[in-house]
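Asks: The structure is given below, and queries will be raised subsequently.
Protein chains in written order, with our numbering: chain P, 1 to 365; chain E, 1 to 566.
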């Protein structure tokens, strides 16, 4: 029985189903005309086996999965993927759970999708995260070996996240630092936005390939533009209208949060366009600046959160939107490297490394 | 060690928990609780801006995703003397209240229910009888025969694929499952409905907090979501109406589904009202400031301690009586110490992975053992409900009495696995009924022209004393949570947290006394040591949150904490 028939049983009309497919197409930035193709891919009873491993995590990404709105969480788990191992949801525990994982990995060798949540500690032979008596690193390497691709969800699995923040007490690393020979896709964010995960899975189902990635292995459909580029408050930035104090007139009127520490100009994420929780809101909309949770080196490169970024050209000037806007697009990354995060935070080895490895490379590119 | 069974990973929880248990003649005679992951977040906090701590500590846990933020901002507010505006206090109450309701709902239906509900058995149910059962317990809208037939067909189609995903290789058909197929089908339907309902009601966190998981509008001294009835970028009538709709749905589901389910299922599992007992000590810090004086005044759920199951006396909480012990934890030995004098040096001495068993005679967990007057304490919804019940809190007394009377049992059944699960439902009920009041108090205050959301006078660290220290408490859904902070030169000098699961999941103390998880497992029957479903029942009744519990770490010789309660 295909997905379509199952949905019919539940009273989901063809029209609703196509509406969902159109929404997925939108997240993927596909033309609406492709919606029928999305539908076709989903209708095959060809659910990819998914193994979801959790390491040094807070389970925030697993919770994010449960907030999935398109498709709804129940449909996602029952109809779109075969979630063969996921500690937060699965009924089996202990060796039964490990057996289920083992069986799925054997049966779907070379075809299953491995999703990883949480960083992997490598100090002291990996004793800081053990599951079923074995280390996270061993668990990851075993599972990655037979996977078609690995999706690192959340900033911790993507780049090490908070556990890897200075002084990185456990030697925490992201997936791409440890997995070689298998394609890795990073879906950072704290947590990852589930709409980006479902869009990625649907992309894989339709096209049988991975979407275009940036040099941080993030899908361009989700991380191809800065928060600042699509921010609903961009007009206020350009017009020099800034929140000065929490709860002041500007704050209540939705002015720009740049002076309150917003990291939108340095953050590549689609929060302003897809928002969160079925599109209800996102941090800037709710009056708090972006903290840059989708970037490598987060949190060291983004804190203190309430300290404004170094001088941005045009800032504080009642100049025309166009000139500031044009200047900013060109220099946002450059000022990051030149003025440097080092000037806004304590000078730490991690930060320097991140700067050199990621941002300067990014800029040169 | 053939008689020792190991369950690792314990699934359907937050984090990494391992249980080892000794089974003799079909009964657990000893048990060890171990956490096998840690990150060292308290160490990471040092030297950072105290105003950032709420965001970082929020990442202790993504399930109870607001609770460390609340404890953290209260700790800073306490340290530097910020006064939180009434609007922010009420916004926090609404956020915390919805966290209780959504978190408890997800716990019951998605993390706990499969310990009691056999999904496979639902396939053989008669949908007409299921409809009759549903109609007999409440007037919930999804109660027709056609509806249940549809769910059953969906489950059957799913089972027919032979790929059961998260339901694969579980304990279906286990003799400890007692529900008739019709009740299993009803519960399976509610599992699917709750998955949808929790996602809808948590939109309150998106409206007030920008997103969930990990809402992002907390501030030391207030909140960053503005209030202004004449702006489209602030809390206005439209947003209040949206929250009301979420509250309404939450309350309806709790009143018509969650609580009736507990009452319908409990009679089949009354033997679990005498399984899962602990020493009878319960600790609650109190929560929900319910007046204009602000936290910690006029707490709607009162603070207190119950000792030895004696509901006739509620003892006051005195934080100076809290100590933490590391005799069985992977840290350098120090003897029992006050949390703000703790000297913690990580010292993993467990077996080299991969391993089969832990050496439980020695150190065996990354969780420390907190004690109150040298006694273990259970924390969580049961502790809160017992303290409130014994303190004469009217809403709680009425709700507890309603459930007990309906089931025809006395309050003694509360001290058990079943009691823990029922207390969580009772709490969800009273909180879901209360949220509207806080929202209306917020609306009325905004209506009076008060738009303040933040204590701006203390926002800049330049206004703080060079040295400051404080603490912040919060009753998280899983129980009593405390953060302690020392601030020096505008930076975090030291940070400590003692969290609910630390109390509950701890290993033994220096006297060999078991902590709640370990104690509660003693005497639990195990029908099939290969399928230890019964262990999951009791452990899940606590709603474990292990990433929260393990976060303490400090470099050798670095920590010389001198936190003092102000």
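Using N, Cα and C, we set each Cβ at its ideal position, and we do this for glycine too. The structure presented is a predicted model; accordingly, all values stated were derived computationally and were not measured.
In chain order, what are the residue ranges of uninterrupted alpha helix (DSSP H) at least 4 long that sit wholly in the segment 78-134 of chain E?
Replies: Counting whole runs of 4 or more residues, the segment 78-134 of chain E contains the alpha helix (DSSP H) stretches 86-106.
Asks: Can you give me the C-alpha to C-alpha distance between residue 215 (chain P) and residue 292 (chain P), rounded to a whole angstrom?
Replies: Between residue 215 (chain P) and residue 292 (chain P), the C-alpha separation is close to 17 Å.
Asks: How would you call residue 292 (chain E), buried or exposed, if buried means at least 16 neighbouring beta carbons within 10 angstroms?
Replies: Exposed, by the Cβ-count rule.
Asks: Would you decide whether residue 408 (chain E) is buried or exposed? Buried here means 16 or more other CB atoms lie within 10 Å of its CB.
Replies: It counts as exposed.
Asks: Do three or more CB pairs link the segment 263-274 of chain P to the segment 223-231 of chain P at distances below 8 Å?
Replies: Yes, they touch.
Asks: Report yes if the CB atom of residue 324 (chain E) is closer than 8 Å to the CB atom of residue 370 (chain E), and no otherwise.
Replies: Yes, these two residues count as a Cβ contact at 8 Å.
Asks: Just mark residue 281 (chain E) as buried or exposed, buried being the case when its beta carbon has 16 or more other beta carbons within 10 Å.
Replies: So residue 281 (chain E) counts as buried.
Asks: Taking 8 Å as the CB-CB cut-off, is residue 70 (chain P) touching chain E?
Replies: Chain E, which has no Cβ nearer than 8 Å to the Cβ of residue 70 (chain P), makes this no.
Asks: Please list, in chain order, the residues of the segment 172-197 of chain P that have any C-beta partner in chain E closer than 9 Å.
Replies: Here the close residues are 172, 190, 191, 193.
Asks: So, helix, strand or coil for residue 224 (chain E), using DSSP?
Replies: Residue 224 (chain E): coil per DSSP, three-state reduction.
Asks: On the DSSP bridge assignment, give the partners of residue 129 (chain P) in chain order.
Replies: E:37.
Asks: Excluding the 5 residues preceding and the 5 following residue 90 (chain E) in the sequence, name in chain order all residues of the same chain whose CB lies nearer than 6 Å to its CB.
Replies: Answer for residue 90 (chain E): 438, 441, 442, listed in chain order.
Asks: Output the distance between the C-alpha atoms of residue 157 (chain P) and residue 77 (chain P), rounded to the nearest integer angstrom.
Replies: Straight-line Cα distance between these residues: approximately 21 Å.
Asks: Would you identify the three-state DSSP class for residue 380 (chain E), choosing helix, strand or coil?
Replies: Three-state result, residue 380 (chain E): coil.
Asks: Report all residues from its chain with a CB closer than 8 Å to the CB of residue 126 (chain P); omit the five preceding and five following residues, and keep chain order.
Replies: The answer, listed in chain order, is 120, 135, 136, 137, 138.
Asks: Taking just the CA atoms, how far does residue 474 (chain E) sit from residue 297 (chain E)?
Replies: One C-alpha to the other measures close to 13 Å.
Asks: Taking 7 Å as the cut-off, is the CB of residue 199 (chain E) close to at least one heavy atom of the ligand GTP?
Replies: For the ligand GTP, the structure offers nothing, since it holds no ligand at all.
Asks: Cβ of residue 42 (chain E) within 8 Å of Cβ of residue 399 (chain E)?
Replies: Not in contact: residue 42 (chain E) and residue 399 (chain E) (Cβ atoms no closer than 8 Å).
Asks: Using DSSP with H/G/I as helix, E/B as strand and the rest coil, what is residue 174 (chain P)?
Replies: Correct three-state label for residue 174 (chain P): coil.
Asks: Please state whether the Cβ-Cβ distance between residue 314 (chain E) and residue 387 (chain E) is less than 8 Å.
Replies: Cβ distance < 8 Å, so residue 314 (chain E) and residue 387 (chain E) count as in contact.
Asks: Closer than 8 Å by C-beta to residue 23 (chain E): which residues in its own chain qualify, once you throw out the five before and the five after it? Chain order, please.
Replies: So the qualifying residues of the chain are 3, 4, 5, 29, 526, 529.
Asks: Does residue 84 (chain P) come within less than 8 Å of chain E when only Cβ atoms are used?
Replies: Chain E contact via Cβ: present.
Asks: Could you spell out where the alpha helix (DSSP H) holding residue 221 (chain P) opens and where it closes?
Replies: Element bounds for residue 221 (chain P): 220-223.
Asks: So, with DSSP's three-state summary, where would you put residue 92 (chain P)?
Replies: Here residue 92 (chain P) sits in coil by DSSP.
Asks: Pull up the distance between the alpha-carbon of residue 465 (chain E) and that of residue 80 (chain E), whole angstroms please.
Replies: Roughly 7 Å between the two C-alpha positions.
Asks: Counting only Cβ pairs nearer than 7 Å, list the residues of chain E close to residue 214 (chain P).
Replies: Neighbours of residue 214 (chain P) on chain E: none; closest Cβ ~23 Å, over 7 Å.
Asks: Leaving out five residues before and five after residue 574 (chain E) in sequence, what residues of the same chain have Cβ atoms less than 7 Å from its Cβ?
Replies: Nothing about residue 574 (chain E) can be read from this structure; chain E reaches only from 1 to 566.
Asks: Chain E partners of residue 130 (chain P), CB-CB under 9 Å?
Replies: Under the 9 Å cutoff, chain E gives 8, 16, 18, 36, 37, 350, 353, 354, 355.
Asks: Would you report the Cα separation of residue 280 (chain P) and residue 256 (chain P), rounded to the nearest angstrom?
Replies: Computed Cα separation, rounded: 19 Å.
Asks: Rounded to whole angstroms, what is the Cα-Cα separation between residue 38 (chain E) and residue 126 (chain E)?
Replies: Roughly 48 Å between the two C-alpha positions.
Asks: Is residue 328 (chain P) helix, strand or coil when you go by DSSP?
Replies: Annotation note: pLDDT 44 at residue 328 (chain P) (below 50); position unreliable, coordinate value reported separately. In the structure shown, residue 328 (chain P) sits in a helix (DSSP, three-state: H, G or I).
Asks: Which ranges would you report for the beta strand (DSSP E) in the segment 477-523 of chain E if only whole runs of at least 3 residues count?
Replies: Whole beta strand (DSSP E) segments, 3+ residues: 479-488, 491-498.
Asks: According to DSSP, is residue 164 (chain P) helix, strand or coil?
Replies: Residue 164 (chain P) falls in the helix class under three-state DSSP.
Asks: Distance check for residue 165 (chain P) and residue 501 (chain E), CA to CA, integer angstroms please.
Replies: Whole-angstrom Cα-Cα distance: 24 Å.
Asks: With C-beta atoms as the reference, is residue 602 (chain E) less than 8 Å away from residue 234 (chain E)?
Replies: This structure gives no information on residue 602 (chain E), because the portion of chain E shown stretches from 1 to 566.
Asks: Quick one, which residues of the segment 457-479 of chain E are near chain P if we go by CB-CB under 8 Å, in chain order?
Replies: Those residues of the segment 457-479 of chain E that come within reach of chain P (Cβ to Cβ, closer than 8 Å) are 459.
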